[in-house]
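As structure tokens, this is what we get:
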């Protein structure tokens with residue numbers, strides 16, 4: 005099954021990436037590596053605001069991370085042209101807006117990691133960092149960035 009058939013079977017459709025709101029681009033390709041800029045969690049097309057450990061649960065954080073992974077797939081499609089040309093997901097970095105007491109950032113990141121493996125199989129297995137931060141842009145609860153490898157264009 006190709007990646008687009010897999011996405012359809014999961015009921016996943018991604019929208020066109022939004023125009024960057026600051027002085028950056030959505031992705032940079034260097035050789036076979038593609039660096040995807042951080043994407044903020046969104047719920048109902050608006051920034052998903054909140055802090056893990058203070059009103060946002062671990063399960064909600066994982067849902068936010070999964071939603072970000074869907075948005076990242078749209079950016080990845082824009083960057084490499086065909087998701088079937090992905091060689092592998094190299095690294096996922098998850099930043100979680102959390103209280104100092106919250107210690108389940110890794111479980112939040114699982115929302116994105118599990119979706120990538122579900123979509124890409126072994127090519128979706130990746131190195132990962134997940135850590136808590138004092139704040140994220142616009143008060144978002146989660147931000148995720150990716151490094152992927154794709155076949156040459």
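In this note's numbering, the protein residues as written are 5 to 157.
Even for Gly, the Cβ is constructed at its ideal location relative to N, Cα and C.
Just so you know, these numbers come straight off a predicted model, no measurement behind them.
Closest in alpha carbon position to residue 109, among 128, 119, 123 and 137, is 137. Here residue 84 is buried: its Cβ has 16 or more other Cβ atoms, across all protein chains shown, within 10 Å. With a minimum length of 3 residues, the unbroken runs of beta strand (DSSP E) contained wholly in the region 30 to 81 fall at 31 to 34 and 37 to 44. For a cut-off of 8 Å, the C-beta gap from residue 115 to residue 55 is around 17 Å, too long to register as a contact. When C-alpha distances from residue 130 are compared across 40, 150 and 155, the shortest belongs to 150. The beta carbons of residue 16 and residue 72 sit no closer together than 8 Å. In this structure, residue 82 lies away from residue 43, with their beta-carbon atoms at least 8 Å apart. In the structure shown, residue 26 falls within a coil segment according to DSSP collapsed to helix, strand and coil.
The Cβ atoms of residue 135 and residue 99 lie closer than 8 Å to each other. Contact annotation: residue 78 and residue 21 have beta-carbon atoms nearer than 8 Å. Annotated as proximal: residue 65 and residue 112, with beta-carbon spacing under 8 Å. For the region 69 to 141, the continuous alpha helix (DSSP H) assignments of 4+ residues that do not extend past its boundaries occur at 109 to 124, in sequence order. By the Cβ-count criterion, residue 5 is exposed, with fewer than 16 other Cβ atoms from all chains shown falling within 10 Å of its own Cβ.
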